[in-house]
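Undergrad: This is the structure, below, for whatever I ask next.
Protein chains: 2
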Amino acid sequence: MLKKLHHVGIVVRHIEAAYAFYRDTLGLSVHKQDILPDQGVKAALLTIGASEIELLEPIAAHTGVARFLERRGEGLHHLCFETDDVVRELDAAQGKGLAVIDRQPRPGLAGMICFLHPKASHGVLIEYAQP
Amino acid sequence: MLKKLHHVGIVVRHIEAAYAFYRDTLGLSVHKQDILPDQGVKAALLTIGASEIELLEPIAAHTGVARFLERRGEGLHHLCFETDDVVRELDAAQGKGLAVIDRQPRPGLAGMICFLHPKASHGVLIEYAQP
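So the sequences go chain by chain: A and B. Here the first sequence stands for residues 1 to 131, where the numbers follow the numbering used here. Here the second sequence stands for residues 132 to 262, where the numbers follow the numbering used here.
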């Protein structure tokens, strides 16, 4: 069962520039910033209620986030739902024949995670996370 | 001060078709469905933790949501933050010279609402709502 909206991922060109809006205008606090070399991104997590805004800046070419930025520009990238059992969620999705990006969960910034394919979910890239 | 992520708006072609994923696969409950004639949309709200997913289906041509669907296809459309003072948030944004869509709050599905322009916020359409 899904417990909450864990975070909303937003692709930006430069995280430091995006702080002017997300941190300084919205007033959200940055509680983590990290480089994820295997995904080719710099990421920052900002707290909003029980959820987070995840800012994603590509730091390598030819990654998913870099291609997104090139093709669509800055903007909303994905939704992540928190679950207490990421294996079960993924099995259920695959059991329904939904397209997935990850065939099994893997470690990510939010815990054990996996992504469904946007064509499974009306154009929205969906992540499940078990913190 | 922003209290939480009130909802995430997702544009879909047909709400009934999108229920197969958002209601039946994710297991989210639909707690409201409504027609908003002045915005030319049918909207459904699904509960996820303390937040909501808002599905938006255009029911009239030449509206913002219809144009979005034509241009970008189904997908993530906007983020709505809950505030206890929508007038103050909007004044603060305009005071910083940020581009806005609404120069003053107006009644919406989530209470008194207003939208900033996506160019104010790195390509993300941002809504403030005071329920």
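In this text, a Cβ means the ideal position worked out from N, Cα and C, and glycines have one as well. Quantities reported herein were computed from a predicted structural model and do not represent experimental measurements.
Could you check where the beta strand (DSSP E) with Glu54/A kicks off and where it finishes?
TA: Here the beta strand (DSSP E) through Glu54/A covers 51–58.
Undergrad: With DSSP collapsed to three states, give me the class of Gln130/A.
TA: Note: Gln130/A maps to strand in three-state DSSP.
Undergrad: Counting only Cβ pairs nearer than 7 Å, list the residues of chain A close to Leu176/B.
TA: Going along chain A, no residue has its Cβ under 7 Å from Leu176/B, so there is no contact; the nearest lies around 13 Å.
Undergrad: Could you compute how far the alpha carbon of Glu127/A sits from the alpha carbon of Leu116/A?
TA: Approximately 6 Å, taken between the alpha carbons.
Undergrad: Going along the chain, which unbroken runs of the alpha helix (DSSP H) with 4 or more residues stay wholly within the segment 218–254 of chain B?
TA: Entirely contained in the segment 218–254 of chain B, not one alpha helix (DSSP H) run reaches 4 residues.
Undergrad: What is the rounded straight-line gap between the Cα of Glu54/A and the Cα of Leu46/A?
TA: If I take the Cα positions, the gap works out to 6 Å.
Undergrad: Between the segment 199–207 of chain B and the segment 217–232 of chain B, can you find at least three pairs of beta-carbon atoms closer than 8 Å?
TA: Segments in contact, no.
Undergrad: Using a threshold of 8 Å, state whether the C-beta atoms of Ala181/B and Gly49/A are closer than that.
TA: The answer is yes: Cβ separation under 8 Å.
Undergrad: I believe Leu90/A touches Cys114/A by the beta-carbon criterion, under 8 Å. Please report the beta-carbon distance rounded to the nearest angstrom.
TA: At roughly 5 Å, the Cβ-Cβ gap stays under 8 Å, so Leu90/A and Cys114/A are in contact.
Undergrad: Mind listing, in chain order, the continuous alpha helix (DSSP H) runs of no fewer than 4 residues lying wholly within the segment 62–90 of chain A?
TA: Runs found: 64–72.
Undergrad: Using only CA atoms, which one of Gly158/B, Met132/B, Ile190/B lies nearest to Asp169/B?
TA: Per the Cα distances, Ile190/B.
Undergrad: If we call anything under 8 Å between Cβ atoms a contact, is His122/A one with Ala149/B?
TA: The answer is yes: Cβ separation under 8 Å.
Undergrad: Where does the unbroken alpha helix (DSSP H) through Ala17/A begin, and where does it stop?
TA: That run of the alpha helix (DSSP H) goes 15–19.
Undergrad: Looking at Met132/B: is its Cβ nearer than 8 Å to the Cβ of Thr194/B?
TA: No; because the gap between Cβ atoms is not below 8 Å, this pair is not in contact.
Undergrad: Using the C-alpha atoms, what's the distance from Ile232/B back to Glu16/A?
TA: For Glu16/A and Ile232/B, the distance between alpha carbons rounds to 25 Å.
Undergrad: Since I believe Pro131/A is in contact with Leu125/A (beta carbons under 8 Å), could you give me their beta-carbon distance rounded to a whole number of angstroms?
TA: Not really, about 19 Å apart at Cβ, beyond 8 Å.
Undergrad: Can the beta-carbon of Arg237/B be found closer than 8 Å to that of Leu200/B?
TA: No, the Cβ-Cβ distance between Arg237/B and Leu200/B is not below 8 Å.
Undergrad: 8 Å is my cut-off, CB to CB: does Phe115/A come that close to chain B?
TA: Answer no: the Cβ-Cβ gap between Phe115/A and chain B never drops below 8 Å.
Undergrad: Between Val41/A, Arg88/A, Ala66/A, Arg23/A, which has its C-alpha nearest Gly108/A's C-alpha?
TA: Looking at the Cα atoms, Val41/A is the closest of the given residues.
Undergrad: Exposed or buried, which one is His31/A when buried takes at least 16 other CB atoms within 10 Å?
TA: Classification of His31/A: exposed, given that the 10 Å Cβ count is below 16.
Undergrad: Measure from the C-beta of Gly254/B to each C-beta in chain A and report whether the shortest distance is under 8 Å.
TA: Judged by the 8 Å Cβ criterion, Gly254/B is in contact with chain A.
Undergrad: Could you tell me the distance, in whole angstroms, from the CA atom of Val86/A to the CA atom of Ala129/A?
TA: Cα to Cα, the separation comes out at about 6 Å.
Undergrad: Note down, in chain order, all residues in the segment 177–189 of chain B with a beta-carbon under 7 Å from any beta-carbon belonging to chain A.
TA: Answer in chain order: Ile179, Gly180, Ala181, Ser182.
Undergrad: In whole angstroms, what is the alpha-carbon distance linking Val8/A and Val142/B?
TA: Cα to Cα, the separation comes out at about 16 Å.
Undergrad: Could you give the distance in angstroms between the alpha-carbon of Met243/B and the alpha-carbon of Ala175/B?
TA: About 18 Å.
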